[in-house]
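Asker: First the structure, then my questions, so here it is.
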Amino acid sequence: MSEPAKLVIFIVDDEETILTSLKNVLSFETDHEIHTFLSPLEALTKGEELEIDMVISDYMMPDMDGLEYLLKVKEIKPDAIRILLTGYADKENAIKAINEVGIYQYIEKPWNNDDLLLIVKNGLEKRLLIRDLKEKIDELENAFADLRGIRSKILKAFV
Amino acid sequence: MEETYKILLDRISSFTVLVNYKGVILHCNKAFATFVDLRSADEAVSKNLTDVLPFSTEEVHALKDVIQSVAVSNKAVADAAVEYHLHRQEKTIQLVRKIFPVPMGQGGSRNICLVFEILSDGNPGLICGTEESLGEIEKKVALGNLLRGFSHEVKTPLSAIFCNLDLMARCIKKLGGLFSGEEEERFLAAHKEISKQMDILNESMEVNQIAGKQVMQRIQSLKEIVGVDEERESELDLKEVLDSAIVLIHHLTRDRIQIRLDYGDTPNITANSGKLSQVFLNILINAIEAIHEKGAITISTGLKNEQVFVSITDTGEGIPPEHLKQLFNQGFTTKKCGGTGLGLFISNNIIRERGGHIEVESRLEEGTTFRIVFPAGKKTG
Chain A
1 MSEPAKLVIF IVDDEETILT SLKNVLSFET DHEIHTFLSP LEALTKGEEL EIDMVISDYM
61 MPDMDGLEYL LKVKEIKPDA IRILLTGYAD KENAIKAINE VGIYQYIEKP WNNDDLLLIV
121 KNGLEKRLLI RDLKEKIDEL ENAFADLRGI RSKILKAFV
Chain B
1001 MEETYKILLD RISSFTVLVN YKGVILHCNK AFATFVDLRS ADEAVSKNLT DVLPFSTEEV
1061 HALKDVIQSV AVSNKAVADA AVEYHLHRQE KTIQLVRKIF PVPMGQGGSR NICLVFEILS
1121 DGNPGLICGT EESLGEIEKK VALGNLLRGF SHEVKTPLSA IFCNLDLMAR CIKKLGGLFS
1181 GEEEERFLAA HKEISKQMDI LNESMEVNQI AGKQVMQRIQ SLKEIVGVDE ERESELDLKE
1241 VLDSAIVLIH HLTRDRIQIR LDYGDTPNIT ANSGKLSQVF LNILINAIEA IHEKGAITIS
1301 TGLKNEQVFV SITDTGEGIP PEHLKQLFNQ GFTTKKCGGT GLGLFISNNI IRERGGHIEV
1361 ESRLEEGTTF RIVFPAGKKT G
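Residue numbers (the working numbering), protein chains in the order written: chain A, 1 to 159; chain B, 1001 to 1381.
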């Protein structure tokens, strides 16, 4: 695996208390770069200029709900790991999210910090593995293209 | 399940009775049993409706015909008011009747449900569901709705508190580990680390203080509403009563509806805080429901001509002129689900009890203003 560089995590929640709490836990236990947003629209604007590795979003928000936002993230940054934070103990929305939006995990409020950290750690590992895999595939494809070039050169030399 | 329906039925103040197509009573509620002079609803079961009704013979026969026509046509009948003579008391009452088929009899036969409401009779002893008990039901419905939203509202700050408490414990543990070294270099590194941890600790404490206050504030509002049962009156600051009502509706307004406050100077008034909150909540919830997308609710208070007023203006859909007159009538509702038609009826009575009144002004597509006016100073008597 490549050197674990600083990864970028976005947290979106309209409640400032939740936002600050999540940020502090993650910055206390990890070295990642954490960005917090009170509105999904703000997060989308900032997301244009950054490579994002993980997005943790609340479900109930005034401007745009968490599912809608995560769906947009999926379009723009398909490789970012998406996590939904839900205040209602409503499994229905969470299942809908996993099926339709394709999220990595959902976290119910109130959460347990150990669980949260484990989900974040595993999610980021998955992100890195996929990134490595893509790089390896690219390398293989390049090597294959090189080989094909060499083969045609060899063939030409003989014919 | 059946037990629940029975309780529900007994809560209804209208006389409600279910008969089969022959007119034999299958079920009835307490109100009906009392009306026909029976000790309990069970006692009425399997008696013939025509034998228990205290009406004149012709009236009973006419009613029997109506029941049969409903059974045959499978169509409900409802009429304004029909006069009935109570032979035992030698007096006349006016009843509003609703008779409708209920397809649940055995072998596909239809049962018929009859609901009677007394329009006027001048003998309050006859009406079993008095206004007080209706108020109880309305209060429970409102409380149930509020509690559901409330539990969600409390969960957010509590989540933050739990998270931060755990984080503080982690910080403290880490700080403890830092003091185990002796060398100066390690101490300097520790110093840097300590100040970083202290920042986090401080912020966590601050967040917890805010979140804790939020929980307390919300619980306080709830307590005031639950205090509805208390008949006790006290000196109230209108602004405080309004503020706690606003806290309780926060989960319904959030960022969708802006709450604008324009509190003028008002003297304290003597009233029951629970009842007064109930009035404000009823009107505020109606205002919220009138606003479909985004909008605003303006709440203003003031003193005019020695009268205290609270006006609540929404930018909602407005009330059609034909509905305005019925607004305070018992049972009038336009809500598709969950409306009991009691909210404004009870609110109006609460304010009238206090010597005041409620005015309404509304324009379609523009909004509605409810103005609650009551005399300043202490309640007489």
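In this text, a Cβ means the ideal position worked out from N, Cα and C, and glycines have one as well.
Counting along the chain, where does the alpha helix (DSSP H) carrying I1291 of chain B start and finish?
Answerer: First-last for I1291 of chain B: undefined, no H or E at that position.
Asker: Might you give, ordered along the chain, the residues of its own chain that have their beta carbon closer than 7 Å to the beta carbon of M64 of chain A, omitting 5 neighbours on each side?
Answerer: Excluding sequence neighbours, M64 of chain A sits near P40 and L41.
Asker: Could you check what DSSP says for F986 of chain B in three-state terms: helix, strand or coil?
Answerer: As shown, chain B starts at 1001 and ends at 1381. That puts residue 986 of chain B outside it, with no answer to give.
Asker: Nearest to V1096 of chain B by alpha carbon, out of B:N1111, B:V1115, B:E1090 and B:L1086?
Answerer: Of the candidates B:N1111, B:V1115, B:E1090 and B:L1086, the one whose C-alpha sits nearest the C-alpha of V1096 of chain B is B:V1115.
Asker: Between which two residues does the beta strand (DSSP E) harbouring I206 of chain A extend?
Answerer: Nothing about residue 206 of chain A can be reported from this structure: the residues present for chain A run from 1 to 159 only.
Asker: Within its chain, find whatever has a CB closer than 7 Å to the CB of N1268 of chain B; leave out the 5 residues flanking it on each side and keep chain order.
Answerer: Within the same chain, N1268 of chain B has close Cβ partners E1235, L1236 and D1237.
Asker: Taking CB distances under 8 Å as the criterion, tell me whether K77 of chain A reaches chain B.
Answerer: False, the Cβ-Cβ gap to chain B never drops below 8 Å.
Asker: Quick one: which chain B residues come within Cβ less than 8 Å of K109 of chain A?
Answerer: Residues of chain B passing the Cβ test: K1155, T1156 and S1159.
Asker: Which residue spans inside the segment 1248–1309 of chain B form an unbroken alpha helix (DSSP H) run of at least 4?
Answerer: Runs of the alpha helix (DSSP H) inside the segment 1248–1309 of chain B: 1273–1290.
Asker: For R1254 of chain B, go through chain A and note every residue whose CB falls closer than 7 Å to its CB, in chain order.
Answerer: The contacting residues are P62.
Asker: In this structure, does DSSP put Y1320 of chain B in helix, strand or coil?
Answerer: The sequence given here has Pro at residue 1320 of chain B, not Tyr. P1320 of chain B falls in the coil class under three-state DSSP.
Asker: Per the DSSP calculation, E1388 of chain B is bridged to which residue(s)?
Answerer: Any answer about residue 1388 of chain B is impossible in this case: the structure gives chain B only from 1001 up to 1381.
Asker: Measuring only the C-alpha atoms, how far is K153 of chain A from K134 of chain A?
Answerer: Roughly 29 Å separates the two Cα atoms.
Asker: Under a three-way DSSP split, which group does H1191 of chain B fall into?
Answerer: Helix.
Asker: Any beta carbon from chain A within less than 8 Å of L1167 of chain B's own beta carbon?
Answerer: Chain A, which has a Cβ nearer than 8 Å to the Cβ of L1167 of chain B, makes this yes.
Asker: Can you confirm whether N1202 of chain B, when its beta carbon is compared against all beta carbons of chain A, has any partner nearer than 8 Å?
Answerer: By this cut-off, N1202 of chain B is not an interface position.
Asker: Sorted by chain position, which residues of the same chain lie with C-beta nearer than 8 Å to L70 of chain A's C-beta, five sequence neighbours on each side aside?
Answerer: Closer than 8 Å at Cβ, skipping near neighbours: V55, S57, R82, L84, A97, V101 and I103.
Asker: Short check: CB of L1384 of chain B to CB of V1310 of chain B, under 8 Å?
Answerer: With chain B covering 1001 to 1381 only, the question about residue 1384 of chain B has no answer from this structure.
Asker: Pairing CB atoms from the segment 1306–1324 of chain B with CB atoms from the segment 1277–1290 of chain B, are three or more of them under 8 Å?
Answerer: Enough Cβ pairs lie closer than 8 Å, so yes.
Asker: Any Cβ of chain B within less than 8 Å of the Cβ of T45 of chain A?
Answerer: It does not: the Cβ of T45 of chain A has no partner Cβ on chain B nearer than 8 Å.
Asker: Where K126 of chain A and T86 of chain A are concerned, what is the direct C-alpha to C-alpha distance, given to the nearest angstrom?
Answerer: About 22 Å.
Asker: Please classify V8 of chain A: does DSSP put it in a helix, a strand, or coil?
Answerer: Reduced to three states, the DSSP call for V8 of chain A is strand.
Asker: Using the Cα positions of I52 of chain A and I107 of chain A, report the straight-line distance between them to the nearest angstrom.
Answerer: In a straight line, the C-alpha of I52 of chain A is about 20 Å away from that of I107 of chain A.
Asker: Where does E33 of chain A sit, in a helix, a strand or coil, going by DSSP?
Answerer: Three-state result, E33 of chain A: strand.
Asker: Could you tell me the alpha carbon to alpha carbon distance between I1127 of chain B and K1098 of chain B, rounded to whole angstroms?
Answerer: At I1127 of chain B the pLDDT is 38, less than 50, meaning the model places this residue with poor confidence and gives no usable figure here.
Asker: Compute the beta-carbon to beta-carbon distance between I1249 of chain B and F1370 of chain B, rounded to the nearest angstrom, for a pair I have assumed lies under 8 Å.
Answerer: The pair is not a contact, with the Cβ atoms about 15 Å apart (cut-off 8 Å).
Asker: Where do the N-terminal and C-terminal ends of the alpha helix (DSSP H) with R127 of chain A fall, by residue?
Answerer: Start and end: N113 to F158.
Asker: Assuming contact is defined by CB atoms lying nearer than 8 Å, are I11 of chain A and T30 of chain A in contact in what I supplied?
Answerer: Cβ atoms of I11 of chain A and T30 of chain A: not closer than 8 Å.
Asker: Relative to the alpha-carbon of H1085 of chain B, which residue among B:M1168, B:A1078, B:A1071 and B:F1055 has its alpha-carbon at the smallest distance?
Answerer: Per the Cα distances, B:F1055.
Asker: On the criterion of 16 or more Cβ atoms from any shown chain inside 10 Å, does M1198 of chain B qualify as buried, or is it exposed?
Answerer: Result: exposed.
Asker: Tell me which residues share the same chain as K109 of chain A and place their Cβ nearer than 6 Å to its Cβ, disregarding the 5 neighbours each side in the sequence.
Answerer: Here the set comprises G87.
Asker: Buried or exposed for F158 of chain A, please, with buried defined as at least 16 other CB atoms from any protein chain shown within 10 angstroms of its CB.
Answerer: Result: exposed.
Asker: Taking any Cβ of chain A, which residues in the segment 1286–1297 of chain B have a Cβ under 9 Å from it, in chain order?
Answerer: Per Cβ criterion, the list is empty.
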